[in-house]
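J.: Residue numbers for the sequence shown, in our numbering: 8 to 115. C-beta: ideal position from N, C-alpha, C; glycine also. Quick caveat: nothing in here was measured; it's all calculated off a predicted structure.
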Amino acid sequence: MIIDNNPKEIKAMEAFHRGDRKEGSRLQEEFASEFREEYKNKDHCSCKKSCRYHGNCKECVAIHRAHQEHVPNCMRPMINKKIELLSELTEHTISLEIKPPKEILRKK
Ligand code: SF4
């Protein structure tokens, strides 16, 4: 089961957008139920950082909400895709002005 860009969740959002809340909720619950089963004992967290809260979404999100600096790492690809679209407005020249910070990653 894939989490990011999950086809069922994409369909759920399409249903919500066309105003079909019942179908959207049904698909969303199906996704959540499959997720619960599939990831009962598997690592679902895509964050590569060395962090004691790895896989503990509740505390991870609370920490990010608390410090307000950036979002949980699992959300980077989704947000970067949207930033990339905006970045096209200046032909990605922002990339010449920024440098990512050094990160300490988990050992496999
Ligand atoms: S919210 Fe935090 S703990 Fe949960 S998957 Fe994302 S990075 Fe991992």
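How would you label E16, buried or exposed, when you count the other beta carbons within 10 angstroms and need 16 or more for buried?
T.: buried
J.: Is any non-hydrogen atom of the ligand SF4 found closer than 7 Å to the C-beta of H99, if you look at the structure I gave you?
T.: no
J.: From K106 to K29, what does the alpha carbon distance come to, in whole angstroms?
T.: Taking the straight line from one Cα to the other gives about 45 Å.
J.: Flag this pair as touching only if the region 80–91 and the region 44–64 have three or more C-beta atom pairs under 8 Å; answer yes or no.
T.: yes
J.: How would you label G26, buried or exposed, when you count the other beta carbons within 10 angstroms and need 16 or more for buried?
T.: exposed
J.: Using alpha carbons as the reference points, say which of K89, H77, E41 lies closest to P108.
T.: H77
J.: According to DSSP, simplified to helix, strand and coil, what is K49?
T.: If DSSP states are grouped into helix, strand and coil, K49 belongs with coil.
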